[in-house]
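In this note's numbering, the protein residues as written are 49 to 166.
Working notes, structure below.
Structural data, given as structure tokens:
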């Protein structure tokens with residue numbers, strides 16, 4: 049066996065002024081920033097905790113959107129070849145909010161982590 053080959057991973061960290069509780073505005077802002085920055089296909093894109101809405105206790109507003117943020121992340125991953133980590137909220141069966149981090153891969157794979165102490 050030969051020596052392992054060096055590989056690189058481009059990482060894009062997104063920092064922006066979040067439009068509070070306005071997912072579509074935030075999605076558009078993030079996409080525009082990434083495209084303007086020339087983020088390459090295959091890059092890992094890291095979006096902040098609750099980056100689609102900002103911190104809010106208004107669960108009706110931030111959780112019940114029919115999967116808007118994940119649909120957007122899937123489209124972004126597929127269209128641009130990016131691996132996205134997106135912070136968002138989900139409502140648990142007990143009615144409480146869950147602070148989530150979801151990874152979306154261009155091939156359609158999705159994995160979600162939920163904080164346990166929210």
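Even for Gly, the Cβ is constructed at its ideal location relative to N, Cα and C.
The structure presented is a predicted model; accordingly, all values stated were derived computationally and were not measured.
{"query": "Cβ shell of residue 58 (< 8 Å), same chain only, five flanking positions each side left out", "result": "87, 88, 90, 91, 92"}
{"query": "Environment of residue 112 [buried if 16+ CB atoms lie within 10 Å]", "result": "exposed"}
{"query": "Pair within 9 Å by beta-carbon distance, residue 67 and residue 102", "result": "yes"}
{"query": "Cβ pair residue 138, residue 162 closer than 9 Å", "result": "yes"}
{"query": "Helix, strand or coil at residue 162 [DSSP, three-state]", "result": "strand"}
{"query": "Residue interval of the beta strand (DSSP E) (run including residue 138)", "result": "131-139"}
{"query": "Reference residue 105; option with closest CA among 82, 144, 149", "result": "144"}
{"query": "Which listed residue (151, 157, 115, 155) has its alpha carbon closest to that of residue 95", "result": "151"}
{"query": "Nearest residue (CA-CA) to residue 157, options 52, 79, 121", "result": "121"}
{"query": "DSSP state of residue 74 mapped onto helix, strand, coil", "result": "helix"}
{"query": "Span separating the alpha-carbon of residue 64 from that of residue 80", "result": "11 Å"}
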